[in-house]
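Below: the structure, in structure tokens.
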Amino acid sequence: MVLENSKILQSLILVSAMLILSCREEKLVLNNPSINPLITNYSLQRFVKSPLAAMAIFDTNIPCKIDLIIKGQDGEDLTQKFPEYSVKHEIPILGLYPDFKNEVTLIIESTHFNKTELILSIKTQPLPKIFPELILVKNDEQMLSDEMYFLYLVRVDGGKNQADYPIAVDKYGKVRWFYYGEYNYILKRIKDNNLIIVENSVFWNGYENI
């Protein structure tokens, strides 16, 4: 599954960028830091409101471009290319599996065509307990594309407690993204494939100022 034209991953970039203030920082785990002298100042940011996303931030000594690979559970890897050469890199890692140690590889290629790999192991938490078990009844691959499918997951408990999440599932019925926070049902994909979510606080504060 190749996403060079931003079919899936870039549609989630805006969501992760919006949530950067509510993240915690962790160290990246290198497969062997001693053989990666090209990479400096590396860190990994995880998002509270988008738990199946992360951001790898690092510098390189010379301009480099990046290829991202998330190893798939069903034989298809999720890949994304970042073809612009730079020494400053903020790479969104989107489409992680829940409750799983995700293997993520960043292939770093310099302007001299030298390549090195940054191998990450990103452990995610289970889905919230309120999530139902999703069962794939039928998978007609001729009718499905390699894109993600965005859904509203709503659960009402006796008419009193309501929980709802915008989620994205892959063609195998596995959750690869969800938004953990209050929002006002404004979830829109715009022309450049970015995804806009408006939180309740933003909506109501703006409404009160009209």
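Just remember that the working numbering sits 477 ahead of the position in the sequence shown, which is counted from 1. Even glycine gets a Cβ: it sits at the ideal position worked out from N, Cα and C.
Reference residue i, options the options, closest by Cα
i	options	result
I568	I673, D554, L521	L521
E586	K526, A533, K558	K558
T601	I612, P575, V614	P575
D647	I516, E659, I612, K606	I612
N591	Y519, L571, P609, P540	P540
E659	K548, K651, V631	V631
P560	I674, I543, V614	I543
L597	K548, I667, I674, P514	K548
D641	E624, D617, K668, P609	P609
S527	K565, I607, R653, H566	R653
P514	L595, E624, D554	L595
V583	I674, I607, Y649, T537	In the sequence as displayed, the identity of residue 583 is Leu instead of Val. Of the listed residues, the one whose Cα sits closest to L583 is T537.
L573	N671, V564, M532	M532
T588	D617, E624, S563, K665	S563
I534	Y519, I546, V525	Y519
D623	K606, Y649, V581, I607	Y649
V525	E580, K665, L604	L604
E553	E580, K665, I599	E580
F577	K665, I599, H566	I599
Per DSSP, the bridge partner or partners of residue i
i	result
P569	M532
K578	K600
L583	L545, L595
D641	V631
CB of residue i within 9 Å of CB of residue j, strictly
i	j	result
Y626	P643	no
K615	D551	no
L571	L628	no
I516	T593	yes
I673	I667	yes
Which of helix, strand or coil DSSP assigns to residue i
i	result
S527	coil
Q522	strand
P540	strand
K668	coil
I673	strand
P439	Outside the modelled stretch of the chain, which goes from 478 to 687, sits residue 439, for which no answer is possible.
K648	coil
L630	strand
K558	strand
Terminal residues of the beta strand (DSSP E) in which residue i lies
i	result
F590	Counting along the chain, F590 falls outside any beta strand (DSSP E), and DSSP gives it neither H nor E.
F655	652 to 655
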